[in-house]
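*Asks:*
Residue numbers (our numbering), protein chains in the order written: chain A, 12 to 308; chain B, 248 to 632.
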C-alpha cells in the first residue's frame with residue numbers, strides 16, 4: 012500500500028471515528044446522568060442534520076447567524092426529547108421501559124423527519140468550497156484530503172475535549188453528574204435535579220446534532236443517517252461501557268477498522284468491525300478501559 | 248374480572264386489526280388489486296410507487312374500470328425491512344377480494360413471499376429485477392422489469408464495445424439483487440474477453456455510506472473505468488463521493504446500473520451526477536409513444552419527473568387490466584392464464600410480451616447524465632417483443 016493511499020484511508024477512518032465518538036460520548040453522558048441507553052441518539056444526530064439543512068437551504072441564514080439559531084434548536088430538540096420520553100417514565104418500575112421508549116422515539120423521529128422535510132434526501136454545501144461550489148480538497152504532499160473530513164476531525168475533537176473537561180475536570184460538571192446520579196441527595200442540598208438532567212440532555216443534543224451537521228455535506232441529509240449509531244454502540248462496548256475516554260478510543264478504532272477493512276474485505280466491512288468487537292469481549296469483557304467504570308460505579 | 252376485561256380488549260383489538268386487512272370478502276363489484284408500498288428509509292420509493300399506482304387506477308376508472316368494475320387499491324406497507332415486507336405481503340395474500348398483487352420492488356423481499364404466492368395462486372408481480380425470482384419458476388410470479396441477466400449483458404457490451412473498457416473497477420452492493428447483477432456483468436465481460444479478478448471487485452454492504460475508501464483504492468490502481476451497481480440512495484452517494492475523491496470522468500468512464508439515471512439519485516447528487524452513463528429500465532419519457540404519454544400525465548399531475556418505481560407500478564397494473572379484460576373475468580386463474588397471451592403490449596417502459604421466463608420486458612435504455620438531467624442516448628431491444 013502506497014503512503015498516499017494509507018494517508019487517505021487513515022484520515023477518512025479518523026474522521027468517521029470522530030463522528031462515531033461524538034455519538035458514543037453522548038451515549039455515555041446519558042448513561043451516567045440518567046442510567047438510560049438512548050437508542051434514539053442516531054435519530055437526534057439525523058435531526059441535527061435536518062435542522063441545519065432547513066436553516067441553510069430553506070431560511071438561507073448566513074453561517075454565523077445559522078450557528079446560534081442551530082444551537083438553540085438543538086437544545087430545544089434535546090429538551091423536548093427529555094420531557095416526552097425520559098421524564099414521564101423516570102420512575103417506571105423497570106429501566107427497560109425507558110429504553111424501549113427511546114426505541115419507539117427513534118422510529119417516531121425518523122418518520123417525523125420525512126413528514127416535515129419530505130422523503131427526498133437533501134444535499135448540503137460543504138463548509139469549505141471550491142470557486143465552482145464543489146468540495147474543497149486539502150493537498151498534503153500529493154495526498155488529496157477532503158476539507159470536510161479535516162473539519163470533522165477538528166470540530167469534533169474540540170467539542171469532545173470541551174465536554175470531557177466539563178464533566179471530568181470541572182467542579183460544575185462533577186456536580187451535574189453527581190446530582191443526576193443521586194437526585195435524593197442533590198435535592199436535600201438544594202440542587203434541582205431537573206436542571207442538571209436538562210443541562211445534560213441539552214449538551215448531548217448539541218454534541219450529536221453538530222455531528223449530524225458536519226457529516227451532512229458528505230452523506231446528504233436523509234432519514235437513514237441515524238444508522239451510524241450502530242458503530243457508536245460498537246465503539247462504546249469496545250472502549251468499555253460508561254467510560255468517556257474508552258468510548259472515544261473505541262469509536263476511533265471502529266472508524267479505522269471500517270475504512271481499512273475495505274481493502275480486500277470490502278464486502279465484509281461490518282463483519283470485520285463486529286469480529287473485533289467479539290474478540291475484545293472474549294479477551295476483555297469489560298472493554299479496553301472497563302476497569303475504571305467498575306471503580307466509578 | 249380484570250383478566251377477563253383485558254382478554255376482551257385484546258379480542259377487540261385483534262378483531263379491529265383483522266377488519267383493517269379486509270379479509271372478510273367484501274362481496275361488492277369492485278376490482279381489488281393489492282399493492283405493496285414502502286415507507287421508513289424507503290419512503291421515497293413508496294411515494295413514487297403510490298403515485299404510479301394511483302395514476303393507473305384513476306386512468307382505468309375514468310375509462311370505465313375493468314370489466315365495468317372500479318379499481319380499488321388495497322395497500323400493504325412493507326416499511327423498509329424484510330420481515331415487515333413479508334408480513335404486509337402475507338396480509339394481502341390472505342385477502343380473498345384481491346384479483347392480483349403488485350409486490351415489493353426489492354427482490355429479496357419478494358423472494359421471501361413467494362412460497363405463499365404459490366399456495367394462494369394469485370397473479371403476483373414481483374417488481375425487483377433479480378433473475379433469482381424468475382429462476383424460482385413460480386407460475387404465478389411475473390416481472391415487468393428487465394432482469395439482471397439482460398442488464399448485465401447490456402452493461403458489459405456498452406462498456407467494452409462502446410467505451411473500450413478493458414480493466415474496470417466493479418463497485419456493487421452485496422445485496423442479493425446487485426450481487427447477482429455484478430455476477431451477470433462479470434460473466435458477460437469475461438465472454439467479451441475482459442479479465443476480471445478479485446482485484447476488480449469492490450463489494451460493499453447495502454448500508455454503506457462512505458465510498459471514499461473504495462475510490463481511494465480504485466484511483467491507486469490501474470483501472471480504466473468504474474462500473475457501479477446500487478440502489479438509488481447509494482447511487483447518489485457514490486456519484487458525490489467520486490467527485491470528492493477526485494475521479495476524472497474524462498479519464499475514467501463512469502457506468503452505473505439503472506439507479507444512476509434515476510431522478511432521486513440525480514436530484515440528490517446534484518452536479519456530481521454529471522457524466523455518469525447508465526443502463527436503465529426507465530428514462531423519463533421513455534422511448535415509445537406510451538412512455539411519453541405516461542410522462543406527460545405524470546408531470547401534469549405531480550409537477551415533477553417520474554421515476555422507476557412509478558412507471559413499473561403503472562405498467563404492472565395496466566398489464567393486470569389487459570389480462571383481466573382479455574380473460575373476461577376477475578378470477579385469479581383466468582387472469583394468470585391470460586398473462587401468458589400478452590404480445591407486444593405497449594407499456595410505458597416499452598413493449599411487453601410473454602416469455603417462458605415470465606419476464607415481460609424487452610427493452611433497456613442507455614443514458615447519460617448531463618446538466619443534472621438524464622439524457623437518452625439509445626434504446627436497446629434485447630429481445631423481440
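All C-beta atoms, glycine included, are put in the ideal place defined by N, C-alpha and C. Since we're looking at a predicted model, the values are computed, not measured.
#1: Ends of the alpha helix (DSSP H) at residue 20 of chain A?
#2: In the stretch 466-487 of chain B, which residues sit with their C-beta less than 8 Å from some C-beta in chain A, listed in chain order?
#3: For residue 13 of chain A, count the other beta carbons within 10 Å of its own beta carbon; 16 or more makes it buried, fewer makes it exposed. Which is it?
#4: Quick one, which residues of the stretch 251-284 of chain A are near chain B if we go by CB-CB under 7 Å, in chain order?
#5: If you measure from the CB of residue 286 of chain A, is any heavy atom of the ligand GTP nearer than 7 Å?
#6: Looking only at its own chain, which residues have a Cβ that is under 6 Å from the Cβ of residue 155 of chain A, when we skip the five neighbours before and after it?
#7: Taking C-alpha atoms, which residue in B:628, B:364 and B:278 lies nearest to residue 340 of chain B?
#8: Give the residues of chain A in contact with residue 454 of chain B, contact being defined as C-beta atoms less than 9 Å apart.
#9: Run through DSSP, which three-state label would residue 584 of chain B get?
#10: Could you check whether the Cβ of residue 461 of chain B sits closer than 8 Å to any Cβ belonging to chain A?
#11: Run through DSSP, which three-state label would residue 129 of chain A get?
#12: Using 8 Å as the threshold, is the stretch 64-84 of chain A in touch with the stretch 256-268 of chain A, meaning 3 or more CB pairs across them?
#13: With residue 510 of chain B as the anchor, note down where its alpha helix (DSSP H) starts and where it stops.
#14: Based on DSSP bridge pairs, tell me the residues matched to residue 610 of chain B.
#15: Which same chain residues, not among the five before or five after residue 234 of chain A, have their C-beta less than 6 Å away from its C-beta?
#16: I'd like to check one pair, residue 542 of chain B with residue 313 of chain B: are the Cβ atoms closer than 8 Å?
#17: Report buried or exposed for residue 142 of chain A, applying the criterion of at least 16 other Cβ atoms within 10 angstroms of its Cβ.
#18: Can you pull the chain B residues whose beta carbon is under 9 Å from the beta carbon of residue 205 of chain A, in chain order?
#19: Determine, using beta carbons only, whether residue 132 of chain A comes closer than 8 Å to chain B.
#20: Per DSSP, what kind of secondary structure is residue 535 of chain B in: helix, strand or coil?
#21: Using DSSP bridges, identify the partner residues of residue 620 of chain B.
#22: For a quick check, are the C-beta atoms of residue 391 of chain B and residue 596 of chain B less than 8 Å apart?
#23: Given that residue 621 of chain B touches chain A, what residues does it touch there, using C-beta distances under 9 Å?
#24: Buried or exposed: residue 609 of chain B, going by 16 or more other Cβ atoms within 10 Å of its Cβ?
#25: Suppose only complete runs of 3+ residues qualify. What are the beta strand (DSSP E) ranges in the stretch 410-463 of chain B, listed by chain order?
#26: State the Cα-Cα distance for the pair residue 93 of chain A and residue 284 of chain B, rounded to the nearest angstrom.
#27: Three Cβ pairs or more, each shorter than 8 Å: is that satisfied between the stretch 400-412 of chain B and the stretch 375-384 of chain B?
#28: Among residues of its own chain, excluding the 5 on either side of residue 210 of chain A, which ones have a beta-carbon nearer than 7 Å to its beta-carbon?
#29: Can you find the residues in the same chain that come closer than 6 Å, C-beta to C-beta, to residue 30 of chain A, ignoring five residues on each side of it along the sequence?
#30: Could you round the C-beta distance between residue 270 of chain A and residue 20 of chain A to whole angstroms and report it? I think they count as a contact, below 8 Å.
#31: Spell out whether any CB of chain A is found under 8 Å from the CB atom of residue 493 of chain B.
#32: Using the DSSP secondary-structure output, state which residues sit across from residue 149 of chain A in a beta bridge.
#33: What are the boundary residues of the beta strand (DSSP E) that includes residue 321 of chain B?
#34: How about residue 58 of chain A: is its C-beta nearer than 8 Å to some C-beta of chain B?
#35: I need the straight-line Cα distance from residue 46 of chain A to residue 255 of chain A, nearest angstrom please.
#36: Mind checking residue 586 of chain B: buried by the 16 CB within 10 Å criterion, or exposed?
*Replies:* Considering the structure as presented:
#1: 14-45
#2: 467, 480, 483, 484 and 487
#3: exposed
#4: 270, 273, 274, 277, 278, 280 and 281
#5: Questions concerning the ligand GTP fall outside what the structure shown contains, since it holds no ligand whatsoever.
#6: 148
#7: B:364
#8: 235, 238, 241 and 281
#9: helix
#10: yes
#11: coil
#12: no
#13: 510-516
#14: B:628
#15: 121, 124 and 125
#16: no
#17: exposed
#18: Ordered by position in chain B, no residue passes the 9 Å Cβ test against residue 205 of chain A, which lies about 34 Å from the chain.
#19: yes
#20: coil
#21: B:617
#22: yes
#23: By Cβ distance, chain A contributes nothing, its closest Cβ being about 16 Å from residue 621 of chain B, past 9 Å.
#24: buried
#25: 415-420 and 448-451
#26: 33 Å
#27: no
#28: 187
#29: 222 and 226
#30: 5 Å
#31: yes
#32: A:156
#33: 318-324
#34: no
#35: 14 Å
#36: buried
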